[in-house]
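Reading through the structure tokens given below for one structure.
Residue numbers (the numbering used here): 1 to 122.
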């Protein structure tokens, strides 16, 4: 499941520029007790990266709210957020007309014991 610009969807368009050309950025945040750890730092890094890549994403308040909403039901986990330039034509030149999109997926984790007593999060 993905949350794409606030809408729950099962798929991401194959012609999204992030899939075609890696034209986007992402962050992976830890969820602790239903909260996104270091939320402001993750948002700042995404904003800085979007500025450097000239991705005109500007709905940071909504993105922050969506991240918090996805984290809330989980005691622990991981939240991956990706910002892309959006769907565009099939060439490598940046598309000014593309509509940026944000998509998120929350991943549950569980503790397991490994040989030798080491622990891992899966």
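For each residue, glycine too, the CB sits at the ideal point set by N, CA and C.
Proximity to residue i [Cα-Cα], best of the options
i	options	result
residue 42	53, 83, 33	83
residue 61	46, 12, 20, 52	46
residue 21	104, 105, 88	88
C-beta contact flag for residue i and residue j at 8 Å
i	j	result
residue 79	residue 3	no
residue 102	residue 38	no
residue 77	residue 17	no
Limits of the unbroken beta strand (DSSP E) element including residue i
i	result
residue 31	24-32
Straight-line Cα distance separating residue j from residue i
i	j	result
residue 32	residue 56	30 Å
residue 8	residue 73	16 Å
residue 67	residue 36	7 Å
residue 23	residue 10	21 Å
residue 48	residue 6	22 Å
residue 28	residue 81	6 Å
residue 104	residue 50	16 Å
residue 65	residue 30	16 Å
residue 15	residue 52	22 Å
residue 59	residue 26	15 Å
residue 75	residue 40	20 Å
Opposing strand residues paired with residue i [DSSP bridges]
i	result
residue 2	9
residue 71	None; residue 71 has no bridge partner.
residue 16	87
First and last residue of the uninterrupted alpha helix (DSSP H) at residue i
i	result
residue 38	Taken as a continuous stretch (DSSP letters only), residue 38 belongs to no alpha helix (DSSP H), as it is neither H nor E.
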